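Novice: Below: one structure in structure tokens.
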Amino acid sequence: MVRKVLRWFPVIWPVQDGQHAILDVTSLTQTLEAKYGIRSYAIHPSAVTTNINRHAKSEEIKKALKRLKKLGFETPAKTLDQGADSSVISAVDPELPSMDLSSLESKGLYMVDCELDDEQCAGFARNLEYADKI
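Residue numbers for the sequence shown follow my numbering, so the first one is 331 and each next one is one higher.
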């Protein structure tokens, strides 16, 4: 529904999708871990070279990347394998800790470069009350 209302911006939309994914992960873990022992993690693959921007104009992409760099979000592109590493680890590593749901903001659910990293995850995206509304 939102995609029909808003124009898709090649750089902004993945951020919005990522925040929604974090809320989904929180809600899933709240529901499934106690009953089935199933944990879920939100994965940040960084910038992976794909064809997601295939319909964007070259100038739009350059402008967006320049703006991101100016804001301090310069991230080197990863290969597909490097981008998949965090997903694989979250799926098969039995040593990953459970998410901490003891406070309003969940912790231990956001994975960056194969490590759990709450510092790079916006607080509102980890809010348990918001996750319940998803």
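Even for Gly, the Cβ is constructed at its ideal location relative to N, Cα and C.
Treat the numbers as computed from the prediction; the structure is a model and nothing was measured.
For A377 and R369, what's the separation of their Cα atoms in angstroms?
Specialist: Start at 1 with the first residue of the sequence shown, and residue 377 comes out as number 47. Start at 1 with the first residue of the sequence shown, and residue 369 comes out as number 39. Spanning the two alpha carbons is a distance of roughly 25 Å.
Novice: So for D443, helix, strand or coil by DSSP?
Specialist: As a first step, residue 443 must be located in the sequence shown, where it is residue number 113. Three-state result, D443: coil.
Novice: Hey, S417 and C444: beta-carbon distance below 7 Å or not?
Specialist: Position 87 of the sequence shown holds residue 417. Position 114 of the sequence shown holds residue 444. Against a cut-off of 7 Å, the Cβ pair of C444 and S417 comes out as no contact.
Novice: For the region 377-395 against the region 455-464, are there 3 or more C-beta pairs whose distance is under 8 Å?
Specialist: They do not touch, by the three-pair rule.
Novice: How long is the line joining the alpha carbons of R333 and I352, rounded to whole angstroms?
Specialist: On the sequence shown, residue 333 is found 3 positions in, with the first residue counted as 1. On the sequence shown, residue 352 is found 22 positions in, with the first residue counted as 1. Note that R333 has pLDDT 41, beneath the 50 cutoff, so the model's placement of it is unreliable and the number below is only indicative. Each residue's Cα considered, the two are about 19 Å apart.
Novice: Hey, M441 and S420: beta-carbon distance below 7 Å or not?
Specialist: Residue mapping note: residue 441 aligns to position 111 of the sequence shown, counting from 1. Residue mapping note: residue 420 aligns to position 90 of the sequence shown, counting from 1. Yes, the pair counts as a contact, with Cβ atoms nearer than the cut-off.
Novice: Three-state secondary structure (DSSP) at K365?
Specialist: Here residue 365 refers to the residue found at position 35 of the sequence shown. Three-state DSSP puts K365 in a helix.
Novice: Which residues bound the alpha helix (DSSP H) around I373?
Specialist: As a position in the sequence shown, residue 373 is number 43, starting the count at 1. Counting along the chain, I373 falls outside any alpha helix (DSSP H), though it belongs to the beta strand (DSSP E) covering A372 to H374.
Novice: Where K399 and K365 are concerned, what is the direct C-alpha to C-alpha distance, given to the nearest angstrom?
Specialist: In the sequence shown, the residue the question calls residue 399 occupies position 69. In the sequence shown, the residue the question calls residue 365 occupies position 35. The straight-line gap from Cα to Cα measures roughly 44 Å.
Novice: Indicate whether S436 and R456 have their beta-carbon atoms separated by less than 7 Å.
Specialist: Here residue 436 refers to the residue found at position 106 when the sequence shown is read from its first residue. Here residue 456 refers to the residue found at position 126 when the sequence shown is read from its first residue. The answer is yes: Cβ separation under 7 Å.
Novice: Who are the near neighbours of C451 in its chain, counting only those whose CB is closer than 8 Å to its CB and skipping five residues on each side?
Specialist: The residue given as residue 451 occupies position 121 in the sequence shown. Cβ within range, chain order: I352, A372, L439 and Y440.
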